[in-house]
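Peer 1:
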Amino acid sequence: MLRSYAFLLALLAFSFAARAQATRFGFEYRAAAKVVHGTDTLANAWAGGFNTPQFSTIDLDNDGRQDLFAFDHESSRVYTFLNVAAPGTTAGRRWQYAPQYESIFPDSLNGWVLLRDYDCDGRPDIFTYAPGGNIAVLRNVLANGRPSFQLTTNQIRFSYGAPGTANLTIGGYNLPAIQDVNGDGKLDIMSYDFLASVVIEQYINTSPGTCGSALTFTRTATQWGDLRACGGCAEFGIGTVPCFTAPRTNHTGGHSLLLVDLDGDGDQDLLDGRDNCPELASLLNQGTTAAPVLTQAGISASFPSAATPARVPVFPAGYSFDTNFDGTPDLVVAPNMLTNQADQVSMRNNVQLFTNAAATSAPVYTNQAAGFLQNTMIDVSEGAAPTLGDIDGDGLPDLLVANHADRVNNVYRATLTYYRNAGTRARPVFQLISSDYLGLSALNLTGLKPVLVDLNRDGALDLAYAAWGRGTNVLYYILNTARAGQPAVFDPSTAQYFKAQGPTTTNPPATPSLTDGILPYRQGDMPCFTDVDNDGYVDLLIGTNETREPGMALRYFRNRGRGPLDSAFVLVNNDFGRIREANGVRPFNLAPAVADFDGDGLPDLLTADVTGYLRLFSNYRAQNPTLFLERTDLLYNPLKAAYEPTRLGKGDYAHYGLAAADLNGDGAPELLVGTQAGGILSFGTRNRTPTATRAEAAAALALSIYPNPATATATVETAQPTRLTVLDLTGRVVLTPGLAQRRHALSLTGLAPGVYLVRATAADGTAAVRRLAVQ
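Numbered continuously in UniProt numbering, the sequence shown closes out at residue 775.
(1) Quick one: what's got a C-beta closer than 8 angstroms to residue 54's C-beta in the same chain, skipping five residues either side?
(2) Using CA atoms only, rank isn't needed, just tell me which of 26, 198 and 137 is closest to residue 105.
(3) Looking only at its chain, what residues have a beta carbon closer than 8 angstroms to the beta carbon of residue 627, apart from the 5 residues adjacent to it on each side?
(4) Among 475, 565 and 349, which residue has its Cα nearest to the Cα of residue 524?
(5) Straight-line CA distance for residue 547 to residue 355?
(6) At which residues does the beta strand (DSSP E) containing residue 78 begin and terminate?
(7) Let me know the secondary structure DSSP gives residue 320 once reduced to three states.
(8) Closest to residue 753 by C-alpha separation, out of 648, 396 and 738, would be which residue?
(9) Can you give the Cα-Cα distance for residue 215 and residue 207, rounded to whole angstroms?
(10) Give me, in chain order, the residues of the same chain whose beta-carbon lies closer than 7 angstroms to that of residue 351; leave out the 5 immediate sequence neighbours on both sides.
(11) Would you mind reading off the limits of the beta strand (DSSP E) that contains residue 526?
(12) Please state whether the Cβ-Cβ distance between residue 568 and residue 560 is less than 7 angstroms.
(13) By how many angstroms is the C-alpha of residue 614 removed from the C-alpha of residue 326?
(14) Would you tell me roughly how many angstroms separate the C-alpha atoms of residue 653 and residue 717, rounded to the nearest one?
(15) Checking the sheet assignment: what are the DSSP bridge partners for residue 200?
(16) If you compare alpha carbons, which of 558, 685, 500 and 775 is closest to residue 23?
(17) Identify the residues that DSSP records as bridge partners of residue 575: which are they?
(18) Helix, strand or coil for residue 649, going by three-state DSSP, please let me know.
(19) Compute the Euclidean distance between the alpha carbons of residue 456 and residue 26, then round it to the nearest angstrom.
(20) I need the straight-line Cα distance from residue 639 to residue 101, nearest angstrom please.
(21) Take the Cβ of residue 379 as the centre, count every other Cβ of all protein chains shown within 10 Å, and call the residue buried at 16 or more, exposed below.
(22) Quick check on the burial criterion: 16 or more other C-beta atoms within 10 angstroms. Buried or exposed for residue 342?
(23) If you reduce the DSSP assignment to three classes, tell me which class residue 437 lands in.
(24) Can you tell me whether residue 415 is helix, strand or coil according to DSSP?
(25) Please name the residue or residues paired with residue 449 in a DSSP beta bridge.
(26) Determine which residues share a DSSP beta bridge with residue 744 and list them.
(27) Would you say residue 177 and residue 259 are within 7 angstroms of each other, going by their C-beta atoms?
(28) Return the bridge partner residues of residue 34 from the DSSP annotation.
(29) Using 8 angstroms as the cut-off, can you tell me whether the stretch 140–147 makes contact with the stretch 56–71, which would need three or more C-beta pairs spanning the two stretches below that distance?
(30) Mind checking residue 776: buried by the 16 CB within 10 Å criterion, or exposed?
(31) Which residues share a DSSP beta bridge with residue 496?
(32) What are the partner residues of residue 756, as DSSP defines its beta bridges?
(33) Would you call the stretch 492–499 and the stretch 429–443 in contact, with 3 or more CB pairs under 8 angstroms?
(34) Could you have a look at residue 46 and say whether DSSP puts it in helix, strand or coil?
(35) Check residue 407 in the structure and name its three-state DSSP category.
(36) To which residues of the same chain is residue 712 closer than 7 angstroms at the C-beta, ignoring the five residues directly before and after it?
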């Protein structure tokens, strides 16, 4: 009886928790709009872009078809794509971004990740970097029909000639080949040596039986094929033969290996990519599996052909799997470097595809100019930062996407990409118009972070942007010279910059420079303009890594509402909200955004940082400014019917950009997150329910608006005199009409069609908010 009662209580608790999860506010992945490049509609527009993806296949949804897993080396982000039906296409199948499966993979993955089935159960397991340069293995165990992973070992060991064993150590920068080398059905391992990355070591799986599940290995070669890597790209020596191929600048670092039978002779040949080099070299084994033989003639730096060689700017890595659903493994080549800080190459269109036309025997690779998957996404090279606003004057929000930089014509510089909203109020469609809007590339800036905002209170959106140039980060602005409701007119030659307020020392210099004072100036500073103090003027929040001036990650500069615009913002709080990571340290690369996300009529603060978490601070104005309370379990996963933290990617090089606006006219803002990989993730809100306190306040003031929807004018009435503020759904003040009174005649001239918030505030601070639809 007691056991039955306990079971009933547990069942009721589970049911209550499930209902709470289902009804609480949060975000969910949702495609914000169709995105069109020319005549091509991007199939995975909002997948977030690629920089350094490592590919493996796995059946994610247990339907018997191989889906796709990718792991980004630079940001440690996981991507998952389903193999879905695509009627009307040549293959009848396509890859569809499916982020609900990403969180089934451990959040601790780092360095490199390859999925390989070591225990012969038909489900690929995880092989990945472990601290100290070791290899960790996590076994794939089905749970509720879905993959889950349990640690098998975080340190593979091997035996060698002398009695004893040692750790199989390859480091975090070498990408090993984990494949069956000798045809016995067991996974073997080949990798360049950990210390110098000069020779290839071979570890044969000697597990007993027909499967390699014991993960016992013997090192059978300390210099496979008598090969050694020399100092230059695609430069090798064999035995006593000196290094051959043209000498180049010396390089150090990792190698990527992939085994493929390139010549159809039954043994495995090798594809070798090297850090700081663009070539994927092919090395033909002209001997046997047991006794490999390499010759100079069998090594090529122009694989698969001189006409169309595999080339990525830095550190190519090859991945063999069926990309086009014809049953034959193709070849994907992608960069594998750790960061782009030193190389400064283009990260756009760098995932190459070579389809294989040979069903058997030696593969016949054909280069596909469109590449693989990256061409189906918004991808602006790296460090995407979006902003939304009506640029063409048609009343629909358009999209600008800046990047950190892209190398074009051998110049590494930032650009601004313009997508015009060519859809309708309910069905947005972003059409690519320009990849260098306003010609900002000519300024040779990097780290561009744009914001569309009405700075001078004339009803027209201006353009502000933070950017790195002249050795410092500057916050520029270009005023829009067009009238409200007309197509924007921006003249980059008129750009001004916001001046720092206050010297860094007690004795200020006679002629202050850009870097004097307390306006942050670190590369990557992320501005957000919003009315923090509710006085009708947009203030400035800056996410920064600045350490030379006192302060932490988020800083609040108040708009004084007087004097020159370039000197309007003064520091109020240099550690706004005291935002910290779980371990108490400051979150680096913090990006802020403000909007009424949860639907209570009050602005919320949302941030992203290097942890990969979105953090929500509901009704931040009412929170203690010295310690904001956050929520991180924000993303609803329909696969688990639960909320979980976001996993945007993590690491010191991860930068994000946030933008919010009502894109589909449903009265709720969509959230766009620009990623370090140069793409954008898109989220909608769910369960936006106004709080009871707001309903009570509205009842007390008897706030009413009519007509609603309205066109040119609307009447606002309250039970006692109130002041009005009209905001858009991002929290931006668009109107501040008149004095305190009971009836207001509200002119809507210049407001784009959409949903706005009308806030009425009485003398005692009582406030009420109602939505107003403008047609």
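Built from N, CA and C at the ideal position, the CB exists for glycine as well.
Peer 2: On the basis of the coordinates in this document:
(1) Counted from its first residue, the sequence shown places residue 54 at position 54. The answer, listed in chain order, is 70, 71, 72, 73, 112, 113, 114, 175, 317, 319, 334 and 336.
(2) Counting from one through the sequence shown, the residue named residue 105 turns up at place 105. Nearest of 26, 198 and 137 to residue 105, Cα basis: 137.
(3) Taking the sequence shown and counting its residues from 1, the one referred to as residue 627 is at position 627. Contacts found: 577 and 578.
(4) The residue you call residue 524 lines up with position 524 of the sequence shown. Residue 524 has its Cα closest to that of 475, out of 475, 565 and 349.
(5) In the sequence shown, residue 547 corresponds to position 547, counting from 1. In the sequence shown, residue 355 corresponds to position 355, counting from 1. For residue 547 and residue 355, the distance between alpha carbons rounds to 50 angstroms.
(6) As a first step, residue 78 must be located in the sequence shown, where it is residue number 78. Residue 78 -> beta strand (DSSP E) spans 77–85.
(7) By one-based count along the sequence shown, residue 320 stands at place 320. Three-state DSSP puts residue 320 in a strand.
(8) Mapped onto the sequence shown, residue 753 falls at position 753. Nearest C-alpha to residue 753: 396.
(9) Position 215 of the sequence shown holds residue 215. Position 207 of the sequence shown holds residue 207. The straight-line gap from Cα to Cα measures roughly 6 angstroms.
(10) As a position in the sequence shown, residue 351 is number 351, starting the count at 1. Excluding residues within five positions, the ones whose Cβ falls inside 7 angstroms are 50, 53, 332, 334, 371, 372, 373 and 374.
(11) For the purposes of this step, residue 526 is identified with residue 526 of the sequence shown, where counting begins at 1. Here the beta strand (DSSP E) through residue 526 covers 526–530.
(12) Here residue 568 is taken as the residue at index 568 of the sequence shown, counted from 1. Here residue 560 is taken as the residue at index 560 of the sequence shown, counted from 1. Contact flag set, yes.
(13) Taking the sequence shown and counting its residues from 1, the one referred to as residue 326 is at position 326. Taking the sequence shown and counting its residues from 1, the one referred to as residue 614 is at position 614. Each residue's Cα considered, the two are about 40 angstroms apart.
(14) For the purposes of this step, residue 653 is identified with residue 653 of the sequence shown, where counting begins at 1. For the purposes of this step, residue 717 is identified with residue 717 of the sequence shown, where counting begins at 1. Roughly 52 angstroms between the two C-alpha positions.
(15) As a position in the sequence shown, residue 200 is number 200, starting the count at 1. Answer by DSSP bridge pairing, in chain order: 192.
(16) Against the sequence shown, residue 23 aligns to sequence position 23. The shortest C-alpha separation from residue 23 is found at 685.
(17) Numbered from its first residue, the sequence shown carries residue 575 at position 575. Partner(s): none; residue 575 has no beta bridge.
(18) On the sequence shown, position 649 is the one that residue 649 refers to. Here residue 649 sits in coil by DSSP.
(19) Counted from its first residue, the sequence shown places residue 456 at position 456. Counted from its first residue, the sequence shown places residue 26 at position 26. So the alpha carbons of these two residues sit roughly 34 angstroms apart.
(20) Along the sequence shown, read from residue 1 onward, the residue named residue 639 stands at position 639. Along the sequence shown, read from residue 1 onward, the residue named residue 101 stands at position 101. Approximately 8 angstroms, taken between the alpha carbons.
(21) Counting from one through the sequence shown, the residue named residue 379 turns up at place 379. Residue 379 is buried by the Cβ-count criterion.
(22) Along the sequence shown, one-based indexing puts residue 342 at 342. When all chains shown are included, residue 342 counts as exposed.
(23) As a position in the sequence shown, residue 437 is number 437, starting the count at 1. The answer is helix: DSSP assigns residue 437 an H, G or I state.
(24) Translated into positions along the sequence shown, residue 415 becomes position 415. If DSSP states are grouped into helix, strand and coil, residue 415 belongs with coil.
(25) Residue numbering aside, residue 449 sits at position 449 when the sequence shown is read from its first letter. According to DSSP, which records beta bridges pairwise, residue 449 is partnered with 466.
(26) Within the sequence shown, residue 744 is the residue found at index 744, counting from 1. BP columns for residue 744 point to 716.
(27) Position 177 of the sequence shown, counted from the first residue, corresponds to residue 177. Position 259 of the sequence shown, counted from the first residue, corresponds to residue 259. Yes, the pair counts as a contact, with Cβ atoms nearer than the cut-off.
(28) The residue given as residue 34 occupies position 34 in the sequence shown. Answer by DSSP bridge pairing, in chain order: 429.
(29) yes
(30) An answer regarding residue 776 cannot be provided, because it is not within the stretch 1 to 775 covered by the chain.
(31) Your numbering for residue 496 matches position 496 in the sequence shown. According to DSSP, which records beta bridges pairwise, residue 496 is partnered with 477.
(32) The residue given as residue 756 occupies position 756 in the sequence shown. According to DSSP, residue 756 bridges with 772.
(33) yes
(34) For the purposes of this step, residue 46 is taken as residue 46 along the sequence shown, with counting starting at 1. Residue state, collapsed to three classes: coil.
(35) Taking the first residue of the sequence shown as position 1, residue 407 is located at position 407. The answer is strand: DSSP assigns residue 407 an E or B state.
(36) Within the sequence shown, the letter at position 712 stands for residue 712. The residues are 748 and 749.
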